[in-house]
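Engineer: Sharing a structure, written as structure tokens. Questions coming.
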Amino acid sequence: MARLADYFVLVAFGPHPRGSGEGQGQILQRFPEKDWEDNPFPQGIELFCQPSGWQLCPERNPPTFFVAVLTDINSERHYCACLTFWEPAEPTQEAVCAEDAAGRGEAAEEGGPGHLSPAVPGPPGQLFAPKTLVLVSRLDHADVFRNSLGLIYTIHVEGLSVGLESVIGNLLTCVVPLAGGSQLDSVEDGVKTISLGAGDRQVIQTPLTESLPISRCSVALLFRQLGITNVLSLFCAALTEHKVLFLSRSYQRLSDACRGLLALLFPLRYSFTYVPILPARLLEVLSTPTPFIIGVHAAFQAETQELLDVIVADLDGGTVTVPECVQIPPLPEPLQSQTHSVLSMVLDPELELADLAFPPPTTSTSSLKMQDKELRAVFLRLFAQLLQGYRWCLHMVRIHPEPVIRFHKAAFLGQRGLVEDDFLMKVLEGMAFAGFVSERGVPYRPTDLFDELVAHEVARMRADESHPQRVLRHVRELAEQLYKNENPYPAVAMHKVQRPGEASHLRRAPRPFPRLDEGMVQWIVDQATAKMQGAPPAVKAERRTTVPSGPPMTAILERSGGPHGSSARRLEVVRNCISYVFEGKMLEAKKLLPAVLRALKGRAARRCLVQELHLHVQQNRAVLDHQQFDFVVRMMNCCLQDCTSLDEHGIAAALLPLVTAFCRKLSPGVTQFAYSCVQEHVVWSTPQFWESMFYGDVQTHIRALYLEPVEEWDPSQVGESQAQDERSALDVASEQRRLWPMLSREKQQELVQKEESTVFSQAIHYANRMSYLLLPLDSSKSRLLRERAGLGDPESASNSLVTSSVAGSVAESYDTESGFEDAETCDVAGAVVRFINRFVDKVCTESGVTSEHLKGLHVMVPDIVQMHIETLEAVHRESKRLPPIQKPKLLRPRLLPGEECVLDGLRVYLLPDGREEGSGGSGGGPALLPAEGAVFLTNYRVIFTGMPTDPLVGEQVVVRSFPVAALTKEKRVSVQTPVDQLLQDGLQLRSCTFQLLRMAFDEEVGSDSAELFRKQLHRLRFPTDVRGTFAFTLGSAHTPGRPPRAAKDKAPSLRTLSRNLVKNAKKTIGRQYVTRKKYNPPSWEQRGQPSPEDQEDEISVSEEREPSTLTPSSALKPSDRMTMSSLVERACCRDYQRLGLGTLSSSLSRAKSEPFRISPVNRMYAICRSYPGLLIVPQSVQDNALQRVSRCYRQNRFPVVCWRSGRSKAVLLRSGGLHGKGVVGLFKTQNAPSPGQSQADSSSLEQEKYLQAVVSSMPRFADMSGRNTLSGFSSAHMGGHVPSPRARVTTLSNPMAASASRRTAPRGKWGSVRASGRSSGLGGDVGSRLAGRDTLAPPQANGAPPDPGFLRPQRAALYIIGDKAQLKGVRPDPLQQWELVPIEVFEVRQVKTSFKKLLKACVPGCPATEPSPASFLRSLEDSEWLTQIHKLLQVSVLVVELLDSGSSVLVSLEDGWDITTQVVSLVQLLSDPFYRTLDGFRLLVEKEWLSFGHRFGHRGAHTVAGQSSGFTPVFLQFLDCVHQVHLQFPMEFEFSPFYLKFLGYHHVSRRFRTFLLDSDYERIELGLLYEEKGERRGPQPCRSVWEYVDRLSKRTPVFYNYMYAPEDAEVLRPYSNVSNLKVWDFYTEETLSEGPPYDWELAQGPPEPPEEERPDGGAPQSRRRVVWPCYDSRPRAQPDAISRLLEELQRLETELGRPPERWKDTWDRVKAAQRLEGRPDARGAPSSLLVSSVPHHRRSLGVYLQEGPVGSTLSLSLDSDQSSGSTTSGSRQAARRSTSTLYSQFQTAESENRSYEGTLYKKGAFMKPWKARWFVLDKTKHQLRYYDHRVDTECKGIIDLAEVEAVAPGTPTMGAPKTVDEKAFFDVKTTRRVYNFCAQDVPSAQQWVDQIQSCLSDA
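Following this line, the structure appears as structure tokens:
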């Protein structure tokens, strides 16, 4: 029972003590006068009675009532019910006011409540003073207080005859039952009816549950006043400890609003300042820094506006103002929106029906009181959802003597998936929640509605989420319970209390409120007290039970799981990997590791890892070997790196026992534990983590303490003990708390001691654990501790309430006096000791450890730390001695014979470089890169070998290499290593063979090693002399690893020797005078700055004497003859003889009839060093004239013949461009002044004579005196454009580039090649043909030239194709025998820049952000590479046409050794089928590129001298052109595309000597040209690329093109438009399995299936094999059909024990057999496998043997040429023949094609009978085959339809079938014999004849 009211007080207006005008409250009387012992009188009541201040009032106001709340020092709330009424003021009071009226001045006029107006004196201005009756109580029965005070006031006003004293006495002695006293007993116990002795009766109902707040209607009113959103904001603000201020003009509303807000916070209790009505005098309280909920009268709104951090709710205006600086976190979704919608359903049920077409007639709205409970029910549900499962996160730290409970905040947030949620985080950290834990965490206590809800209704709430009506039903059920709690017995709620009459306050009261008799009241109170003392004490009867825990968190929480789904597959991978580690299958584990590390991002996988690791720990220890240890530590680190400092998922907590269990032996007696490798995580330095871990462990031990197993094991108890094991710590604690009162004192003491020592031992254990994880392995490094927030400074780490404690002082004394003075260790140790001490302090104080124990702990900690430091020193020392982690073994690369390692392998990572196949890009293949391995530098190549870092790729070896000589660019890059993602120095090497090594050096490779690598690479790339290259050192004793000093010493002697040789050779020819003309070394040599001896050499060679006449050949000395004979054997000479361009008899005498002769004038390289020794010149030109002619041309390269057309006898000449002076003399108009006139004129005349001689040498033009012109232009045609005396200049223009050049004007030199002076009509000149072909002939698709027949008969004898710049102001040849075709050529430097861009396009160097085909094509176009190839092909086709039409052409571009060589070689290749054979192509390259001095050494930058000029791929560009032609005419070339790639690779590789140096002269000087003769002793490495090709061709058909079937004398005219050109796969393909395939010895031999995969027997059951793009060589993995068959043949021969035959012999035999089978009559047999006279562009598309990815099928598509009517029957036959041949070779019997079949009688050969056979007509193979019977598979004979001449009706002969009509006979006549057939009847005979005829006509 409890007193209803503690004090009754009468407060009246009194003067202010300091005489200020305001009055103040005075307590007139209070009852009882002395304080209750259990409840002292609250101070400051007089302030709260009149919160706005005590003032007199000019009129009598009606009485007011409100309840103020005071909070005492013990946080007890006192409810002060105040009833105020007004009485006339006494004179003293008025005087006080009048005195000060002047002082208050203007303030009065603002008309504040109760201010008086000083202008009203005397009686009319009667003032009224307030008087207040106050009831102070600790119970909140506002209605009873209102009634009781009202009754007292009524007695006074109405003058009832009841003693006020007795009423007040009764009021003070009235006792009411405590809340929930006895819900189940009689109604009388829960309901108290009281009477104050004035004929009144009141019923007091105590709530059923004390803990549930009573709200009456306050919550509903709050929502009405502020609305849903505002109330939710206030709710969140109050929960997250913000300041909330209510404003209203009504005090009652203020206290209601505050009460309502508090009711919403249930089950949390608001524990900060709570003042529903704040007096004006105390307004400064609002600036307190602590949170509060305060109500203030609206009159003081102005004073509240300066508050910056207060949320103001204006109840009258319905607004809530949140300042800018305040952030209120909202409820977590989806709870926020769910709560909002349920609240709107409760408050505004009509909202749901507002849109209905037929709304129900009425909706029942709840009463205000009911609505209030419904709103509270919504918030109760909200808390149940927020805090569901909270009991699973409680730690029972102590049970006796009082429960100590801690909440594991991190685990709760983690399991709820709300770690990031600001709101819940703040709520859990708040004071209210701390109170909630200490109050509701107790396991054994009375329970209430919330406990039931959170334990049992959670599942229901989740199920109802999506059903609003079910939610509403639940809310209503809860509301019923809340309502019942407040009004348990609604039936008895009857009050009978008298009230004063209407307007009674206006009646003049009979007298002021009387002074009461204190004695009487006191007597009544004493009486009652004495009676109470006699009665037995009222025991608060509590129904205590075990609080239900509800379902565990995990079951509640599927929906807010982490972002990574815990797919079973991932967990399976984790389990497998761990089992592999512990079974020692390291390779398997390594493969899975990346997948495991990826999976560990997910929570479930981390848990799974921890569980799996736990299984492998026995007796707290698991000793691993080094590799296992590394794996386990890596996985642990990966687990921990995603843990926040809170460790909300308990991963770090679960790992903590493991890191102290897993260990490895470093040496005898030294063990390293895993904890020393996982310290780098922030979680270990977080005090909260250690606290929750500690409390968790303590709980486990305390639970174990009370679950001690029963000593005697009898079967009946087994089940019981298992049940015990399942009980949670809370259950155990609840049971213990229930038994506690029944235990004896001693037993209680014993339990308390046991618990205390358990906590103490855990504290020691944790001090150890913390020192393990906080002390770094190398204690000299304090870095670790500095970085960690908590360890450095005590303030940040100490979130404990115990701050000034033993810990601080002990730690200080330790620091100063412990004697560990060595600086660093002491520093680390000190920090760790302080950290551990703070922790120990906090947890021990909270868990009630005795102070003696605590002091002991503080003494122990420094010793623990010091001991641990000493242990770690040994571990650190030993761990340094450990061999580093076993990196993969370095794979040695395979080397060529003679190739040696210069630098052994440096460990590197090869990184992806933008070719996405290698990194598993668009092709979807495996990520071969990045790969881990080593880079080797040999004297020939740079080689990387390694394995992919991605273990999922498997054990693939990755090789990437390129010749050192091919290096074009080397740059340093800083890159991330793929494994540890560290930024590392790297190197990017780019080569002109389209390889790129982008490497990151391993950390073990020092910077000096990397630097050495670069230096060696540079030394090998640019040797000082060409003799330092691999081709020379190969097979010699020179070792490149040695410094090249020895070589330097030898060089001068060699050089001088060769110089003398050359000098002497030249002196043998008589020289009379020294020319002034020096040999002009081109500018690059000056840039390269050759050494002085080089310069001296240049001079000595050029200052030779010039012969006036050449010594006759008969007078040559023997040494010269030897030179001559070797010159004769050179390629040029062999080719000249083949072409019939002059003969060279042994005596070198000339045959006069020949138009051209071979001149030995240059045999000593005196006239032109870069020309061959023997040259073709016109017969009529004397040798001594050549010297003078040569001066007109750059580099002395005068025009010489290099090829003659066999058909038209036109010749092709080449020369350098013209010198300025030659141009002046020959072509300028006569009046142009010129310095050395006479000399210039003479040489110009020589030049003119020379050209004339060339023209005369051509048989067709010799006697026509040059009157024919090319286009028959007259001066009239030209008049408009060019003055007639000037030369007819034909410019070459690009047909397709017209639009392009408009689009991009400055696009290179070729864009503007225009036809100047082109005739509009019939211009047939060369330029206009190229510029606008449409004027001449119907244009052909794709830019193919029109038919060659379009050239007009009038043509010049000679066309000179020259640079436009050179031929500017030329004058015409007077006889118009030659014509100039100025064209704009691209310069060599443009080739260089274009190639650089091409390299970047094909091998980007760094992975593109988003690789797309478009970006590649764009960069390809920017490079302009294909445009240049288009140019070359275009010019070449032009020259081919001119030659084909009988005109000769002189190509005279640049210096005559780059573009000239490209054009001349292409022209010969297109015109002459011989050059399209293997031998011919070799001859072409030797003649035009090597002998005519293309500067391979300079363009390839082979030595230091060429380093600055860089690499210029002129020869590669030529090969690309050949490749384009090869693609368009696959049947015209004997060599395969691989041959071109092979040459493209090796012309830069410097493996062979063939492509070294710049001219024959230099090769002779070095002794390269003739050394091979007679020097061979035993097998030597190939020095020449041709020799190598020959050797290789004998072994394998890799260079041979199976489709080679040339047409005789076919001139090729390829399409040259860019759209017809394809990017050469040499630039893009890569084979990472073995590196570039062009060093055949290094490739893995011929591609055979591996042994175990070979098909057994003959059955084709080969196993499949994955062919990866970029990794495997596709042609080798899946060769074409013919290679496959040849391989198969070889294999079978070997199996049979026969020596395998050479593939070429087999192939030739097969071809011969085909020829015979196809053509036994041997008439006009074409000499090859595939012959047809389809026009060339048809043939180019006709048969295409795929090299491609899809392997061993022939894709054959012969166009049957029905459309072309011009095809003659002969060609038809030829085509038929070829197809039949082709098919009989490639098609097998199984897949035959039967167009028509049936039985025919056939007459046998001479004297043979008729016989019935089964005939099959096969249109595809063009055959008529016959068999014995229908199912016979073996063909008995074949009639080739290609040989059929006619099908005619036949006549029956002897032995023919008798029964058949004679019209059923027919004959088939072939070239060999006549076949007689007979069908079964006439119609079938007719059908057979028709079918055969149609077959013939189809062909």
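Residue numbering for the sequence shown follows my numbering, beginning at 28 and increasing consecutively. Positions of the beta carbon are idealized from the N, C-alpha and C atoms, including for glycine.
So the beta strand (DSSP E) C107 belongs to, where does it begin and stop?
Structural biologist: It spans 104-115 - the beta strand (DSSP E) in which C107 sits, taken as one unbroken run.
Engineer: Name the DSSP beta bridge partners of V962, please?
Structural biologist: According to DSSP, V962 bridges with L933, F971.
Engineer: Does the distance from the CB of L1497 to the CB of V1638 come in under 8 angstroms?
Structural biologist: Cβ distance < 8 angstroms, so L1497 and V1638 count as in contact.
Engineer: Closest by CA to Q412, which one among Q398, F439, K400?
Structural biologist: Ranking Q398, F439, K400 by Cα distance to Q412 puts F439 first.
Engineer: My output table needs one value for Q51: the three-state DSSP class, helix, strand or coil.
Structural biologist: Q51 falls in the strand class under three-state DSSP.
Engineer: Are the CB atoms of V601 and V637 nearer to each other than 8 angstroms?
Structural biologist: Contact flag unset, no.
Engineer: I'd like to know whether the C-beta atoms of L313 and V337 end up nearer to each other than 8 angstroms.
Structural biologist: Going by C-beta atoms, L313 is nearer than 8 angstroms to V337.
Engineer: Can the beta-carbon of A95 be found closer than 8 angstroms to that of S282?
Structural biologist: For A95 and S282, yes; Cβs fall inside 8 angstroms.
Engineer: If you follow the alpha helix (DSSP H) that W1452 is in, where does it begin and where does it stop?
Structural biologist: Taken as a continuous stretch (DSSP letters only), the alpha helix (DSSP H) holding W1452 covers 1452-1471.
Engineer: Is DSSP giving E873 helix, strand or coil here?
Structural biologist: Note: E873 maps to helix in three-state DSSP.
Engineer: Please confirm whether Q1015 and G1432 have their CB atoms less than 8 angstroms apart.
Structural biologist: Closer than 8 angstroms, so yes.
Engineer: Give the straight-line distance between the Cα atoms of A1801 and V1612, rounded to the nearest whole angstrom.
Structural biologist: Unreliable placement is indicated for A1801, whose pLDDT of 42 sits below 50; the coordinate value is still reported in the next sentence. Approximately 39 angstroms, taken between the alpha carbons.
Engineer: Kindly identify the DSSP beta-bridge partner or partners of F1842.
Structural biologist: G1825, Y1853.
Engineer: Beta strand (DSSP E) containing Q1003: first to last residue?
Structural biologist: Unbroken beta strand (DSSP E) run through Q1003: 994-1003.
Engineer: Classify C1905 as helix, strand or coil using the three-state DSSP reduction.
Structural biologist: Note: C1905 maps to strand in three-state DSSP.
Engineer: For A307, which option in W81, C1429, R467, L239 has the closest C-alpha, if you only look at C-alpha atoms?
Structural biologist: Out of W81, C1429, R467, L239, W81 has the C-alpha closest to the C-alpha of A307.
Engineer: So, helix, strand or coil for P621, using DSSP?
Structural biologist: It is helical.
Engineer: Once you ignore the five residues that flank S1586 on each side, which residues in its own chain have a CB closer than 7 angstroms to its CB?
Structural biologist: If we look at S1586 and ignore the five residues flanking it on each side, its Cβ neighbours are R1196, S1197, G1520.
Engineer: Given I970, which residues of its chain have a CB within under 6 angstroms of its CB, disregarding the five upstream and five downstream residues?
Structural biologist: So the list reads P920, F963, S988, once near-sequence residues are dropped.
Engineer: Under the assumption that A632 contacts L598 (Cβ atoms under 8 angstroms), give the Cβ distance between them as a whole number of angstroms.
Structural biologist: Their Cβ separation, rounded to whole angstroms, is 6 angstroms, which keeps A632 and L598 in contact under 8 angstroms.
Engineer: Within the same chain, show all residues whose beta-carbon is closer than 8 angstroms to that of S1207, passing over the 5 residues directly before and after it, in chain order.
Structural biologist: So the list reads A1280, S1283, S1284, once near-sequence residues are dropped.
Engineer: Quick check: the stretch 982-997 against the stretch 1015-1034, are there 3 or more CB pairs under 8 angstroms?
Structural biologist: With the cut-off at 8 angstroms, the stretch 982-997 and the stretch 1015-1034 touch.
Engineer: If I measure Cβ to Cβ from V705 and keep anything under 7 angstroms in the same chain, skipping five residues before and after, which residues do I get?
Structural biologist: So the qualifying residues of the chain are V660, M663, N664, L667, V686.
Engineer: Within 10 angstroms of the Cβ of W1651, are there 16 or more other Cβ atoms? Answer buried if so, exposed if not.
Structural biologist: Buried, by the Cβ-count rule.
Engineer: Less than 8 angstroms separating the beta-carbons of S1475 and A1237?
Structural biologist: Yes, the pair counts as a contact, with Cβ atoms nearer than the cut-off.
Engineer: If you follow the alpha helix (DSSP H) that I1865 is in, where does it begin and where does it stop?
Structural biologist: Not the alpha helix (DSSP H): I1865 falls in the beta strand (DSSP E), residues 1864-1867.
Engineer: If you follow the beta strand (DSSP E) that Y1386 is part of, which residue opens it and which one closes it?
Structural biologist: Note, Y1386: beta strand (DSSP E), 1385-1390.
Engineer: For a minimum of 3 consecutive residues, which ranges assigned as the beta strand (DSSP E) are wholly contained in the stretch 392-427?
Structural biologist: List check, beta strand (DSSP E) in window: 421-425.
Engineer: Helix, strand or coil for V349? Go by DSSP, reduced to three states.
Structural biologist: In this structure, V349 counts as coil in the three-state DSSP scheme.
Engineer: Given S1463, which residues of its chain have a CB within under 7 angstroms of its CB, disregarding the five upstream and five downstream residues?
Structural biologist: Excluding positions up to five away in sequence, the list reads V1490, L1493, V1494, L1497.
Engineer: Measuring only the C-alpha atoms, how far is G468 from L266?
Structural biologist: Computed Cα separation, rounded: 19 angstroms.
Engineer: Which value, in whole angstroms, describes the spacing of the CA atoms of K1863 and T1504?
Structural biologist: Their backbone Cα atoms lie some 40 angstroms apart in a straight line.
Engineer: Just to confirm my understanding: we take Q1913, look at its own chain, exclude 5 residues before and 5 after, and list those with CB closer than 7 angstroms. What are they?
Structural biologist: For Q1913, where only same-chain residues beyond five positions count, there are no Cβ hits under 7 angstroms.
Engineer: Alpha carbon to alpha carbon, how far is V548 from Q56? Give it in angstroms, no decimals.
Structural biologist: If I take the Cα positions, the gap works out to 11 angstroms.
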